[in-house]
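As they're listed, the protein sequences go chains A and B. The numbering used here puts the first residue of the first sequence at 15, with every later residue one more than the last. The numbering used here puts the first residue of the second sequence at 152, with every later residue one more than the last. All C-beta atoms, glycine included, are put in the ideal place defined by N, C-alpha and C. Nothing here was measured: the structure is a model prediction, and the numbers come from that model. Remarks on the structure that follows.
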Amino acid sequence: MKKILPIIIACATGLTILAGYFFQDRLAPILGLLINWGIVLVGLAGLIGIAYLVRMHIFRIAHRQKGGFYSVIVLLAFLFTLIAGLILTPQNAFYRDWVLNIQTPVEASLLAVLSVTLLYASLYLVRTRGWTPMSVGFLVGALVSLILNLAVFQFQPGSRGEVWALVLRRLPLAGLRGILIGMALGGLIVGLRVLLAVDRPYEGE
Amino acid sequence: MSLYDLIWGGVGLLLTVMVLSYLIGDNLLFRLAAYLFVGVTAGFLSVLIINQILWPFLLQPLINGLWIEKIWVLIPLTLAVLLVISQFQRFKGLGRVPLAFLAGLTAAVTVGGAVFGTLIPQLRAVVNAFDPLDWYQSPGMPWLRITEAVVMLVGVLGTLSYFHFGRRRRDQNDPSEVRPGFFEGLAKVGGVFLGMALGTVFAGIFSTALVAMIDRLLVISEFVMRLMGGS
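Pasting the structure below:
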């Protein structure tokens, strides 16, 4: 029973949701209910993850491990944001300023650092992997896309230049479409394996 | 500029400089900014989960809901309690039930999304490109549309072949494995298309990152100008 109950729950939930794709009118209320329960569990799993993060930083401080000073900053920032958010609510102007004026500059600056890192990595790619068809395709795709996005070349509507620019823009779609179809096939197979209880990720070790 | 704006502007400027200092190497300032960011984000995420998920979907119906709502909410409440209890080593096994529910839900949503959201629309786009009505829609360009349809088909098949890992042994004594010749050839063509696709994605991310870099530099210069009394 200990092993069968989770299998029954997983299959029943999955098959009900799948049936909902075909009988939307009849199963809509049950689907909404199941998805709401799923949202609650995912949210709770997120909170558990954050609790583990906090526990790890408390452990680092308690055991005077290296980087304990940074853990103090994490905990202070976490506690202030959590308590202020619960008391003031996320709609409060000061609370929004506190969160956004820390998140926005850091996120944008990290993205800015990424631009330099990406440029270096793209140059490093050819040095390490050599001139393979894939690396040539990568560099051509990146260069063409950057040049077209810069809008340096302006073409007359209906001219040959415009047609070629359109073709060049659409060429990478073939690869992207292949990647999407491959991912969907992979997702489909993994999903079916879970629904048919061939794979049982909920059993753990 | 009010004192309030000045303080937040200064905080933004300071954090920007602290993060950008990573360009000269990993240092104390960068780590301070990164850890502060982690703490604030974790706290904000907790508040959002409590306010937007747990309160309206779990706690509010339990406290203020009708008796029928209270009964229905007992199921996710039980699953939630089991999930929390299973974090203790002694009650690890209890986590199987909520995890099984989540696995079934995720698998079904994945299957539905993969079939109706990706496979059917993408395959339809590849096949529809061979529609003769579509070729003659714009006068004088049918050859271009036919070529595009063929290139798209070869590109998609090539990219899929690139990830084909089903291999057969050449002979019993030879341990090396080879892909069937047809797939091998297609995979080489697919490699070029895959490279181009990744290159385009790279260019998009690079452009976004570059815009972020320009934006940060503008914010710094504007703040300094305003501080000095300029416009």
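Per DSSP, reduced to three states, the secondary structure at A/Arg143 is helical.
The segment 335-355 of chain B and the segment 188-200 of chain A touch, with three or more beta-carbon pairs separated by less than 8 Å. If the five residues before and after B/Asn178 are omitted, its C-beta is found closer than 7 Å to the C-beta atoms of Ser172, all from its own chain and listed in chain order. Where B/Leu233 is concerned, the enclosing alpha helix (DSSP H) starts and stops at Trp218 to Ile236.
Residues are counted here when their Cβ sits less than 9 Å from a Cβ of chain A; for the segment 347-372 of chain B these are Met347, Ala348, Leu349, Gly350, Thr351, Val352, Phe353, Ala354, Gly355, Ile356, Phe357, Ser358, Thr359, Ala360, Leu361, Val362, Ala363, Met364, Ile365, Asp366, Arg367, Leu368 and Val370, given in chain order.
At a cut-off of 8 Å between C-beta atoms, A/Trp51 counts as an interface residue with respect to chain B. A distance of 8 Å or more separates the beta carbons of A/Ser149 and B/Phe353. In the DSSP annotation of this structure, the continuous segment of the alpha helix (DSSP H) that includes A/Ala179 starts and ends at Arg174 to Leu209. Of the candidates A/Ser159, A/Leu180 and A/Leu160, the residue whose Cα lies closest to the Cα of A/Phe169 is A/Leu180.
In this model, B/Gly336 and A/Gly151 are separated by some 16 Å (Cα to Cα).
Per DSSP, B/Val277 is one residue of the alpha helix (DSSP H) stretching across Ile271 to Asn279. One finds Ala259, Val262 and Gly263 in chain B with Cβ atoms closer than 8 Å to the Cβ of A/Leu32, taken in chain order. For the segment 330-343 of chain B, the beta-carbon criterion of a distance under 8 Å to any beta-carbon of chain A is satisfied by Lys339, Gly341, Gly342 and Val343. Look at A/Val166 here: in three-state DSSP terms it is coil, with no helix or strand label. Taking C-alpha positions only, B/Thr351 is separated from A/Ala156 by approximately 5 Å. Per the coordinates, the alpha-carbon of A/Arg78 lies some 30 Å from the alpha-carbon of A/Glu121.
About 14 Å separates the CB atoms of B/Val262 and A/Leu45; that is not less than 8 Å, and the two are not in contact.
In this structure the segment 182-198 of chain B touches the segment 86-101 of chain A; the number of beta carbon pairs closer than 8 Å is three or more.
A/Gly52 and B/Phe252 have their C-alpha atoms some 8 Å from each other. Rounded to whole angstroms, B/Pro212 and B/Lys221 show a C-alpha spacing of 6 Å. Rounded to whole angstroms, A/Gly28 and A/Phe37 show a C-alpha spacing of 14 Å.
Taking a Cβ-Cβ threshold of 8 Å, the residues of chain B close to A/Phe152 are Gly346, Met347, Leu349, Gly350 and Phe353, in chain order. Contact between B/Leu157 and A/Gly196 is ruled out by a C-beta separation of about 52 Å, above the 8 Å threshold.
Interface flag for B/Phe316 against chain A is unset, since no Cβ pair is found closer than 8 Å.
For B/Leu205, the neighbours in chain A by C-beta distance under 9 Å run, in chain order, Val54, Gly57, Leu58 and Leu61. When A/Ile49, A/Leu32 and A/Val88 are compared, the shortest CA-CA separation from B/Leu183 is found for A/Val88. B/Phe267 has a beta carbon lying within less than 8 Å of a beta carbon in chain A.
Here B/Met303 really is in contact with B/Ala280; their C-beta atoms are around 6 Å apart, less than 8 Å. Counting every other CB atom within 10 Å of its CB across the protein chains shown gives B/Pro331 a total below 16, marking it as exposed.
Not flagged as an interface residue toward chain A: B/Met379, since no C-beta distance is shorter than 8 Å.
If you draw a straight line from the Cα of B/Asn215 to the Cα of B/Thr269, it comes to about 41 Å. Here A/Pro186 is buried: its Cβ has 16 or more other Cβ atoms, across all protein chains shown, within 10 Å. A/Arg69 is positioned such that its CB atom lies no closer than 8 Å to that of A/Ser85. Interface flag for A/Thr142 against chain B is unset, since no Cβ pair is found closer than 8 Å.
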